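Sequence lines, in order, name chains E and G. So in UniProt numbering, spot 309 of the first sequence is number 309, and the numbers just go up one at a time. So in UniProt numbering, spot 87 of the second sequence is number 87, and the numbers just go up one at a time.
Number of protein chains: 2
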Amino acid sequence: MIDPSEGPVALTRQLCDIPSVSGDERAIADAVERLLAERAPHLSVHRDGDTIVARTELGRARRVAIAGHLDTVPINDNLPVRDIVDDVSGEAMIWGRGTVDMKAGVAVQLALAVELAEPAVDVTWIWYDHEEVSSALSGLGRAMRNAPELFEADFAILGEPTNGRIEGGCNGTLRARVHYAGKRAHSARAWMGVNAIHRAGAALSKLAAFEPARIVVDGLEYREGLNAVRIDGGVAGNVIPDDCSIEVNYRFAPSRTPEEAADVVRVFFDDADSVEIVDSAAGARPGLDAPLAQGFAAAVGGDPTAKLGWTDVSRFSALGIPAVNFGPGDPLLAHADDERVPVAQIDAGYAGLRAWLERGA
Amino acid sequence: MIDPSEGPVALTRQLCDIPSVSGDERAIADAVERLLAERAPHLSVHRDGDTIVARTELGRARRVAIAGHLDTVPINDNLPVRDIVDDVSGEAMIWGRGTVDMKAGVAVQLALAVELAEPAVDVTWIWYDHEEVSSALSGLGRAMRNAPELFEADFAILGEPTNGRIEGGCNGTLRARVHYAGKRAHSARAWMGVNAIHRAGAALSKLAAFEPARIVVDGLEYREGLNAVRIDGGVAGNVIPDDCSIEVNYRFAPSRTPEEAADVVRVFFDDADSVEIVDSAAGARPGLDAPLAQGFAAAVGGDPTAKLGWTDVSRFSALGIPAVNFGPGDPLLAHADDERVPVAQIDAGYAGLRAWLERGA
Numbered sequence: 001m002i003d004p005s006e007g008p009v010a011l012t013r014q015l016c017d018i019p020s021v022s023g024d025e026r027a028i029a030d031a032v033e034r035l036l037a038e039r040a041p042h043l044s045v046h047r048d049g050d051t052i053v054a055r056t057e058l059g060r061a062r063r064v065a066i067a068g069h070l071d072t073v074p075i076n077d078n079l080p081v082r083d084i085v086d087d088v089s090g091e092a093m094i095w096g097r098g099t100v101d102m103k104a105g106v107a108v109q110l111a112l113a114v115e116l117a118e119p120a121v122d123v124t125w126i127w128y129d130h131e132e133v134s135s136a137l138s139g140l141g142r143a144m145r146n147a148p149e150l151f152e153a154d155f156a157i158l159g160e161p162t163n164g165r166i167e168g169g170c171n172g173t174l175r176a177r178v179h180y181a182g183k184r185a186h187s188a189r190a191w192m193g194v195n196a197i198h199r200a201g202a203a204l205s206k207l208a209a210f211e212p213a214r215i216v217v218d219g220l221e222y223r224e225g226l227n228a229v230r231i232d233g234g235v236a237g238n239v240i241p242d243d244c245s246i247e248v249n250y251r252f253a254p255s256r257t258p259e260e261a262a263d264v265v266r267v268f269f270d271d272a273d274s275v276e277i278v279d280s281a282a283g284a285r286p287g288l289d290a291p292l293a294q295g296f297a298a299a300v301g302g303d304p305t306a307k308l309g310w311t312d313v314s315r316f317s318a319l320g321i322p323a324v325n326f327g328p329g330d331p332l333l334a335h336a337d338d339e340r341v342p343v344a345q346i347d348a349g350y351a352g353l354r355a356w357l358e359r360g361a
Numbered sequence: 001m002i003d004p005s006e007g008p009v010a011l012t013r014q015l016c017d018i019p020s021v022s023g024d025e026r027a028i029a030d031a032v033e034r035l036l037a038e039r040a041p042h043l044s045v046h047r048d049g050d051t052i053v054a055r056t057e058l059g060r061a062r063r064v065a066i067a068g069h070l071d072t073v074p075i076n077d078n079l080p081v082r083d084i085v086d087d088v089s090g091e092a093m094i095w096g097r098g099t100v101d102m103k104a105g106v107a108v109q110l111a112l113a114v115e116l117a118e119p120a121v122d123v124t125w126i127w128y129d130h131e132e133v134s135s136a137l138s139g140l141g142r143a144m145r146n147a148p149e150l151f152e153a154d155f156a157i158l159g160e161p162t163n164g165r166i167e168g169g170c171n172g173t174l175r176a177r178v179h180y181a182g183k184r185a186h187s188a189r190a191w192m193g194v195n196a197i198h199r200a201g202a203a204l205s206k207l208a209a210f211e212p213a214r215i216v217v218d219g220l221e222y223r224e225g226l227n228a229v230r231i232d233g234g235v236a237g238n239v240i241p242d243d244c245s246i247e248v249n250y251r252f253a254p255s256r257t258p259e260e261a262a263d264v265v266r267v268f269f270d271d272a273d274s275v276e277i278v279d280s281a282a283g284a285r286p287g288l289d290a291p292l293a294q295g296f297a298a299a300v301g302g303d304p305t306a307k308l309g310w311t312d313v314s315r316f317s318a319l320g321i322p323a324v325n326f327g328p329g330d331p332l333l334a335h336a337d338d339e340r341v342p343v344a345q346i347d348a349g350y351a352g353l354r355a356w357l358e359r360g361a
């Protein structure tokens with residue numbers, strides 16, 4: 001059983017200790033649903049698989065969606081969680097799988113969902129399954145397709161780890177396979193062939209020298225990245241290779257569409273024989289010019305920055321809802337085996353979000 | 001049964017039609033051994049596995065080793081052989097597996113071994129197994145280790161296809177694996193890592209621009225080659241790769257030792273984290289300044305050129321025996337599914353070798 005009455009830090013420990021690797025979220029979703037049924041009669045609760053949507057229906061002028069995923073990456077001898085003191089900073093921490101990504105964020109949200117029967121804005125609380133796996137499996141994406149009306153909102157907050165600061169929007173991401181062709185020949189007579197691996201060298205040198213753009217969108221700076229992530233070529237130890245392919249990953253500012261990003265990649269590799277777009281996902285503009293976003297930023301303090309990794313804010317962005325990331329924990333520790341979250345960030349996140357929801361934006 | 005009495009062209013057809021893919025040479029070796037026992041009492045015959053060494057013991061002042069391999073690469077719907085007329089040249093040809101590499105050469109040798117009871121030099125005829133596979137399996141190498149005294153000679157002729165011209169010595173070959181290291185990072189924050197694939201770009205560009213040397217050894221020009229033959233790197237589609245390795249093949253002139261060749265490769269890739277020599281095989285100097293070699297060249301005519309691919313002449317060279325390649329067929333058709341040898345080259349090779357062996361060098 002989970003119980004928010006001892007506060008969000010204790011609730012973080014409880015949520016972490018319910019194993020919920022992607023595909024195995026039923027137990028934690030059941031616990032959340034039961035808690036809401038018993039302790040949050042002010043919420044109307046909907047369930048889609050292991051995704052739970054719980055809404056206030058107060059008739060407020062504005063509505064905010066606040067979301068977090070329930071799943072984690074695989075456990076690696078790092079459950080149950082432990083209380084530790086960080087060697088370097090001396091901070092009290094909770095150590096273990098899910099502490100950063102993102103049970104602490106879910107705990108802050110779930111405690112407030114139960115406690116705040118009459119927030120100043122209507123709130124749609126969302127906890128969902130299958131975030132840490134292929135985008136096609138996403139519980140948030142599925143629930144949005146099945147009942148889009150449940151997700152209408154003026155602003156969205158996603159509890160992904162941001163060290164308790166606001167990180168707006170996110171970069172888009174695109175993968176492409178870049179092919180260089182050649183002509184086979186025996187390597188004793190290399191001049192009768194064309195070496196495809198050698199042909200790929202110019203593109204790699206260009207990548208090594210390339211300075212990706214830093215693009216300001218709605219006041220936040222997005223740092224792009226263009227990288228070879230895989231390379232493969234060759235036939236045999238005595239054959240001039242006739243094929244070499246480079247897989248590249250382009251992280252692009254949310255001011256570009258995926259189509260525009262694909263054009264950037266095609267132009268960059270204009271010496272290739274083909275550029276095949278493998279997959280792509282749009283970024284999300286930070287939307288910090290929206291009044292609700294500005295009020296939220298003022299309430300929680302600190303200078304908002306750009307989110308660099310792709311997150312589910314882009315699913316809200318695709319529905320026309322400005323969205324930011326805001327959660328406890330260092331995003332660089334997400335998925336790390338020594339994942340750990342400072343207790344103080346959980347309390348601060350809880351206090352900031354509570355103040356804003358009570359006072360209204 | 002094989003029967004050289006109808007000449008080397010008919011014998012070529014007979015030898016080709018005994019399937020003898022590497023590892024399956026017993027039938028052809030048995031046929032050769034039986035023929036020699038019945039028709040060549042002037043030879044002393046030794047067998048080691050499927051390698052046969054047949055020597056005249058005439059007490060001549062000089063001895064010549066004449067060798068050819070009995071095996072072929074796999075059959076691919078190209079046996080039995082057929083007589084064809086070449087579309088372009090109008091030449092009469094024998095088409096099928098082994099015609100070029102190197103049953104025609106073996107047929108010329110075997111016919112002369114039976115016919116010439118009293119050549120002007122002593123001759124050591126050698127037909128061996130396992131040439132088309134790993135060097136460690138070579139029947140010639142094995143027989144040389146088991147009974148080195150059988151292989152002593154002043155000059156050696158290997159019947160590999162050379163279009164009926166003398167191709168002297170051979171290039172050496174060396175394979176190396178060149179490693180570039182990096183540092184992993186999430187590709188959304190590429191600047192926190194070091195991209196090993198990007199680091200390999202400069203080496204590939206250098207390879208693409210590199211003009212390998214042409215080196216004159218004993219009067220013949222050897223064209224070197226330095227090529228990437230395989231490349232491999234990458235971890236996942238969203239990870240900056242921490243490793244990239246390039247496999248390179250260096251074909252080096254016989255004036256360099258394998259150790260010197262390894263140094264050339266290490267200096268070329270001086271920006272790599274490591275250069276691992278995978279294997280190497282020495283080349284062979286052409287030895288055309290030896291009196292026997294000069295006499296042979298004069299007898300068969302044409303301008304000797306350098307052999308570019310590695311061949312077993314280097315095994316003779318390693319024993320201090322000057323060695324050349326001389327056989328019917330276009331080396332560019334070796335291993336091709338439409339392998340085919342001009343009948344005229346078989347007859348000419350037979351006539352040239354016979355004249356030289358009868359007249360003495």
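Built from N, CA and C at the ideal position, the CB exists for glycine as well. Since the model is a prediction, treat every value here as computed from it, not as a measurement.
What did DSSP end up calling residue i once you bin it into helix, strand or coil?
i: ASN325/E; result: strand
i: ARG285/E; result: coil
i: PRO241/E; result: coil
i: MET144/E; result: helix
i: LYS206/E; result: helix
i: PHE269/G; result: coil
i: ASP48/E; result: strand
i: LEU158/E; result: strand
i: SER89/G; result: coil
i: PRO258/G; result: helix
Classify residue i as buried or exposed, calling it buried when 16 or more other Cβ atoms lie within 10 Å of its own Cβ.
i: VAL267/E; result: exposed
i: GLN14/E; result: buried
i: MET192/E; result: exposed
i: PRO41/E; result: exposed
i: MET1/G; result: exposed
i: ARG34/G; result: exposed
i: ASP312/G; result: buried
i: ARG26/E; result: exposed
i: ARG214/E; result: exposed
i: ALA117/G; result: exposed
i: GLU57/E; result: exposed
i: ASN163/E; result: buried
i: PRO80/G; result: exposed
Taking Cβ to Cβ, would you say residue i is nearer than 8 Å to residue j?
i: LEU140/E; j: ILE157/E; result: no
i: GLY237/G; j: VAL229/E; result: yes
i: GLY168/G; j: PRO304/G; result: yes
i: TYR222/E; j: ALA306/E; result: yes
i: LEU70/E; j: ASP129/E; result: yes
i: ILE346/G; j: ALA107/G; result: yes
i: GLY287/G; j: ALA293/G; result: yes
i: ILE166/E; j: VAL324/E; result: yes
i: ASP232/G; j: ILE246/E; result: no
i: LEU112/E; j: ARG354/E; result: yes
i: THR124/G; j: VAL53/G; result: yes
i: LYS183/G; j: ASP242/G; result: yes
In angstroms, rounded to a whole number, what distance separates the CA positions of residue i and residue j?
i: ARG142/E; j: GLU131/E; result: 11 Å
i: GLY23/G; j: ALA29/G; result: 12 Å
i: ASN195/E; j: ALA202/E; result: 13 Å
i: ASP48/E; j: LEU137/E; result: 13 Å
i: ILE240/E; j: VAL133/G; result: 19 Å
i: PRO332/G; j: THR51/G; result: The amino acid occupying residue 332/G in the given sequence is Leu; Pro does not appear at that position. For LEU332/G and THR51/G, the distance between alpha carbons rounds to 26 Å.
i: ASP101/E; j: ASP270/E; result: 39 Å
State the beta-bridge partners of residue i as determined by DSSP.
i: CYS16/E; result: Note: CYS16/E sits in no beta bridge, so no partner.
i: GLY172/G; result: PHE252/G
i: ILE215/G; result: TYR222/G
i: THR124/G; result: ARG55/G and ALA65/G
i: ARG60/E; result: Its beta-bridge partners do not exist; DSSP assigns none.
i: GLY234/E; result: ARG230/G
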